[in-house]
Amino acid sequence: MSRDHNQFSTKLIHFGKEVCEHTGASSVPIYQASTFHHEDIFNPPAHDYSRSGNPTREALEGYIALLEGGTRGFAFASGMAAISSTLLLLSAGDHVIVTEDVYGGTYRLLTSILNRMQIETTFVDMTDLNQVEAAYRPNTKAIYMETPSNPTLKITDIAAVTAWAKSKGLLTLLDNTFMTPYHQRPIEHGVDIVLHSATKFLGGHSDVLAGLAVTNDEELGKRVKMLQNGLGTVLGVQDSWLLMRGMKTLEARMRHSEVSAGKLAQWLSERDDIAQVFYPGLANHPGREIHERQSLGYGAVVSFDVGSGERAKQVLNAVQIPLVAVSLGAVESILSYPAMMSHAAMPPHVRAERGITDGVLRFSVGLEHIDDLLADLEQALSLSR
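The opening position of the sequence shown corresponds to residue 1 in UniProt numbering, with each subsequent residue numbered one higher.
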């Protein structure tokens, strides 16, 4: 079936492997096999061992490459497996410039693991291109972006950073988990590698752990393939199938959740008991204009500061609808506490420097009715006063 479809919603359903070419089945088959028979040892088959390639996983990899507008896609065992594998394109002695309020797991990887391999990192406020440029060193090899950032939703000007990076011959990577290709396609703005914790919005149902990467050219794709195969950080076939099933409803889920997230952010911004609201759809968000140039929507994650760690914990204990849990991007709303969950790996003083106070909560808006979500949060905030 042709992949030449213009509209994103059509690509989500018709991505080239949605119908089994052998049986006509309306779902990608699950090839639960570790190895494949060689009919002719002198003419090896397309698949020989599932770590190196499996038809189910490859259907998913082609799917995400199509959605992101890249040349090759890769499926990994988790978001961090995707991030760590691609960052191993760097070598000992290399230096990478990174968004300062990056996801805590990425921060931990860079400061606790890759630093032992003599890969150096400088964290900068990537809303300021001058700071990015000032961080450049002779051994700088890459720039790692996260926009909107997690959890304070700061916005990086993707085109500006990538243009500067290309002038220096630097590799650019971008974590697109919050926006997904439905809202934002970084390769169109010059990014070399797009990354996802597909556990979140792409999977969408809190039932699969997965990571994805997409490269912008074939040569880079060959290098990432070598790392995926060499490290063995591949996604299993059952999870590959679950992820494809979840991705088919991405647009429908994101549309609904974004409308509710906008209402939640506005409601929070009008309250006098909320110290700060972080959401790029708000009129007063400092990065809104840039975000609108590079994204088609504002997403479904709203962070807000309730004023103190004690009050944050009271709210977490009082809400009744959202899961109080790690993760985001699911059909059910999830309320997280970054200081003790996503960013627990950051020392308290580092979190404070990045605006991740003990009072910050992160609300991933699901598919529940917004009136029920607001009423539930109202009672939780009232109890915590």
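For glycine and all other residues, C-beta sits at the position ideal for the given N, C-alpha and C.
Note that the coordinates shown come from a computational prediction; the quantities given were computed from them, not determined experimentally.
Annotation for V224: R72, F74, S85, T86, L89, I193, A213, T215 place their beta carbon closer than 8 Å to its own, counting only its chain and skipping 5 residues before and after. Around the beta carbon of H343, 16 or more other beta carbons lie within 10 angstroms, which makes this residue buried. For M145, the three-state secondary structure derived from DSSP is strand. Contact between E353 and Y298 fails: their C-beta atoms lie close to 26 Å from each other, not under 8 Å. Check the Cα spacing between P186 and each of E146, K222, A210: the tightest is with E146. Distance check between Q238 and each of K166, I30, K11 places I30 closest, using alpha-carbon atoms only. For S260, same chain residues with a beta-carbon under 6 Å away, outside a window of 5 residues either side, are V365, I370 in chain order.
Around the C-beta of I113, fewer than 16 other C-beta atoms lie within 10 Å, and the residue is accordingly described as exposed. Under the 10 Å beta carbon count, F42 is surrounded by fewer than 16 other beta carbons and is classified as exposed. Listed in chain order, the non-local C-beta contacts of A252 below 7 Å within the same chain number zero, local neighbours out to five positions each way being set aside. With contacts defined as CB atoms closer than 8 Å, D372 and A312 fail to qualify as a contacting pair. In this structure, the alpha-carbon of M244 lies about 8 Å from that of G203. For H196, the uninterrupted beta strand (DSSP E) segment begins and ends at 193–197.
When the Cα atoms are used, M247 and N130 turn out to be separated by approximately 37 Å.
Just so you know, the alpha carbons of A159 and M254 end up roughly 24 Å apart. Between G211 and A65, the C-beta spacing is not below 8 Å.
Y144 counts as buried, since no fewer than 16 other beta carbons sit within 10 angstroms of its beta carbon. Distance check between L209 and each of L381, E58, F76, D40 places F76 closest, using alpha-carbon atoms only. Listed as beta-bridge partners of Y49 by DSSP are T35. Positions of the beta strand (DSSP E) runs, each at least 3 residues long and wholly inside the region 45–108, are given as 72–76, 95–99 in order along the chain.
Annotated as proximal: Q314 and S384, with beta-carbon spacing under 8 Å. The Cβ atoms of L171 and A142 sit closer than 8 Å to each other. Scanning the region 108–168 for uninterrupted alpha helix (DSSP H) segments of 4 residues or longer gives 129–134, 158–167, listed from N- to C-terminal end.
Annotation note: the region 260–303 contains the following uninterrupted alpha helix (DSSP H) runs of length 4 or greater, listed N- to C-terminal: 288–294.
Every beta strand (DSSP E) of 3 residues or more that sits fully in the region 327–380 is shown, in chain order, as 334–336, 360–364. According to the DSSP assignment, T10 belongs to the alpha helix (DSSP H) that extends over 8–13. According to DSSP, residue pairing for L173 in a beta bridge involves Y144, I193. The DSSP-derived three-state label of A325 is coil.
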